[in-house]
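So the structure is just underneath, and the comments pick up after that.
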Amino acid sequence: MVPMTYRTEFDRSIADPESFWGEAARSIDWFRKPTRVLDASNPPQYRWFPDATLNTCYNALDRHVIRGAAERTAIIYDSPVTGTKREISYAELLGEVGAFAGVLQQLGVEKGDRVVIYMPMIPEAVVAMLACARVGAVHSVVFGGFAPHELALRIDDAQPKVVVTASCGIEPNRTIAYKPLLDRALELAEHQVPAVVVKQRPQVTAELDPERDLDWNAAMHAGYQQPGACVEVDATDPLYILYTSGTTGKPKGIVRDNGGHAVAMAWSFPNIYDCGAGDVWWAASDVGWVVGHSYIVYAPLIAGATTVLYEGKPVGTPDPGAFWRVIAEHKVKALFTAPTALRAIKKEDAEAEHFAKYDTSSLQSLFLAGERLDPDTYDWASEKIGVPVVDNWWQTETGWAIAANLRGLEPMPIKAGSPTVPVPGFDVRVLDASGDEVPAGEEGSICVKLPLPPGCMTGVWGDEDRFVTGYLSAFDGYYLSGDGGRVDSDGYVYVMGRTDDVINVAGHRLSTGAMEEVLARHPAVAECAVIGVADTLKGQLPRGFVVLKDGADVDPDELAAELVAKVRAEIGAVAAFKEVVVVQGLPKTRSGKILRRTMRDIADGKETKVPGTIEDAGVLDVLRPVLRPQS
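When you line the sequence shown up against the numbering used here, it's residues 1215 to 1845, in that order.
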């Protein structure tokens, strides 16, 4: 028998994907097992396990309880911001999920209906997600605290039958009332939501509309009387919609299916992260992001592991030792977080004095993703924490890692600045502008040869053309990642940054175009540009530049403050938008396109070649001191 190595498994996944993923599918419990693994009849859109049926919630909960793991801990809820800790067994979680599934069914939710979940990091958020999966509904989790305008856009796009929320979310220094934000979003939205379920938290009591709103606890009491059973769904039916920033104002809802997603989660958790049944795993993210979907909720529960649900920050809850306390207390085997979190810890505890206070001997690996892991942060974490610091690269669209160091299959030497090698199933190629593959070491556009493996996006909600035109049409037969980079002679992938105008702020992908739309609506603004500027803590920070209309009589400082407030109100505080500069003009090509990338390169201090297509180089010369004032 040929031993399983990275190379044998990767080669097999590319040469014979149907055999590879058909074998991986055996780790899932199916109502109707797949007899076909890959439907390649409609390229460039491929579907996995087209004739199979299953239920994702059954795979995450029921089967573990049935097979004797009822008392194993499914969730460790640790909330330093409220001083609350709770362990929830698989049996307890199954009971709560069944009850809320009953609530959804009593509210008329059926297979294929949508439910928007607008929740903080509390167990009820996970219960709501799994309950949707249980009844065959499609959940769409929106990051708690998102601005009403953005939430309204998502409600109009998904058209949910129910919205599930909580009375508030809690930050280290403030409490955010969610219900007023949701109420405002429902006023702005054209779609009328029939029912809202509200989990009341003791820190803030929300006012309920007696005609529309239900109290979570009261609803659950009824749900326990008539719990919801697992509904059989097609493997190709959608499990969830997750919105990511597009380059237009219309939200882009990434659709994930049930079957391919379950198989990808079941395969990736042991093979990439070296975790399985009974292990304590912690993804320090939020259920509003793709990491939260994949590796707080679905992958660890499908595997039968214990997942930590953490409501807090890496610093300030109460100090830079917050992460290390959780690892020591709960005997965490592996931590998955973003480089931003490590940079925040490093900023306040550069010598890792807080780390030294805790027994973190249970920790075997530290995984990082969400943005590029810079070598300085990698070096600091490797030295201070003393376990492998493993970068991995993936996207909301893929749902799991495109490139990683497969710790459970074959750990490989780590190279600072690289997420290591393509994961089996992802045939990564670097292409030039003509679509030709570039030699090893040369930079280009990172693409994945089709078909994408199971678990990747299957479409854009309500707009199939947008999936093809946005991701599959730039290069025939390839998925366009939107990231640029290179692959070295050892096959290691290096991701250098976005090739579009979506920026990455502390792991959150945000559209500069959406911010520009807010700026452009001001009556004094003639034109504007927002660029992402490199930041040592958050990866990138947005900076706005506005040109005033002729005759506009405004104070630049007052205008800047007003514009910052507008962006924060409409996009949300997560954008970290704090700076607007009034300028005389913006550099453009002769066709009128603003040279945002050139501006960004100057701001980041990079060698900049001024495009030959620039209309007036003098505008750029005037702008340079503003873009990079320290030079």
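Ideal Cβ placement from N, Cα and C applies to all residues, glycine included.
| Asked | Found |
| --- | --- |
| For L1580, the first and last residue of its enclosing beta strand (DSSP E) | S1579 to L1582 |
| Alpha helix (DSSP H) segments (min. 4 residues) lying fully within the stretch 1555-1634 | 1589-1599 |
| Sequence-distant residues of its chain with Cβ nearer than 6 Å to S1845 (five each side left out) | Here S1845 scores only 42 on pLDDT, less than 50, and its place in the model should not be relied on; the value that follows carries that caveat. Cβ neighbours of S1845 beyond the five flanking positions: none. |
| 8 Å contact criterion, which T1531 and V1295 should meet: CB distance rounded | 6 Å |
| Rounded separation between G1518 and V1778 - CA only | 45 Å |
| Unbroken stretches of the alpha helix (DSSP H), 4 residues or longer, contained in the stretch 1228-1268 | 1231-1238 |
| Integer-rounded CB distance, given that V1709 should sit under 8 Å from E1741 | Rounded, the Cβ-Cβ distance is 32 Å, inconsistent with contact. |
| Beta-carbon spacing of I1745, R1735 below 7 Å | no |
| Cβ-Cβ distance between C1330 and V1311 below 7 Å | The question names Cys, yet the displayed sequence has Val at residue 1330. It is not a contact, given that the beta carbons lie outside the stated cut-off. |
| Rounded C-alpha distance that separates C1670 from A1239 | 15 Å |
| Buried versus exposed call for G1691 [16 or more other C-beta atoms within 10 Å across all chains shown] | exposed |
| Euclidean distance between Cα positions of T1462 and E1543 | Any reading at T1462 needs caution, since the residue's pLDDT is 49, under 50, leaving its predicted position unreliable; the model's value is listed next. Looking at the two C-alpha atoms, the distance is approximately 45 Å. |
| Presumed contact (8 Å Cβ cut-off) between V1644 and S1659, rounded CB distance | 7 Å |
| Where S1805 falls, given that 16 or more other Cβ within 10 Å makes a residue buried | Only weak support exists for where S1805 lies, its pLDDT of 48 falling under 50; the coordinates are left without a value. |
| Range covered by the beta strand (DSSP E) that runs through F1759 | G1753 to L1762 |
| Cβ shell of I1808 (< 6 Å), same chain only, five flanking positions each side left out | A1743, L1800 and K1802 |
| Reference A1274, options S1381, Q1259, E1301 and D1243, closest by Cα | D1243 |
| C-beta contact flag for V1447 and N1472 at 7 Å | yes |
| S1293 versus L1307: straight-line alpha-carbon distance, rounded | 18 Å |
| Buried versus exposed call for M1434 [16 or more other C-beta atoms within 10 Å across all chains shown] | buried |
| Cβ-Cβ separation, A1536 to K1547 (assumed contact under 8 Å), whole Å | At roughly 18 Å, the Cβ-Cβ gap does not stay under 8 Å, so K1547 and A1536 are not in contact. |
| Counterpart residues of W1496 in DSSP-defined beta bridges | V1522 and L1549 |
| Counterpart residues of T1379 in DSSP-defined beta bridges | Y1332 and V1412 |
| Validate contact between the stretch 1408-1417 and the stretch 1349-1364 using beta carbons, cut 8 Å, 3 pairs | no |
| Y1509 versus L1834: straight-line alpha-carbon distance, rounded | 45 Å |
| D1749, enclosing beta strand (DSSP E) - first and last residue | V1739 to D1749 |
| Extent of the continuous alpha helix (DSSP H) run through R1300 | Premise fails: R1300 lies in the beta strand (DSSP E), T1298 to S1303, not in any alpha helix (DSSP H). |
| Per DSSP, the bridge partner or partners of G1467 | Y1457 |
| Rounded C-alpha distance that separates D1593 from Q1440 | 54 Å |
| Cβ-Cβ distance between E1562 and V1529 below 7 Å | yes |
| Through-space distance from W1495 to C1489, alpha-carbon basis | 7 Å |
| CB contact flag (G1474, P1668, <7 Å) | yes |
| Three-state secondary structure (DSSP) of V1719 | strand |
| The stretch 1312-1332 touching the stretch 1376-1384, judged by at least three CB pairs closer than 8 Å | yes |
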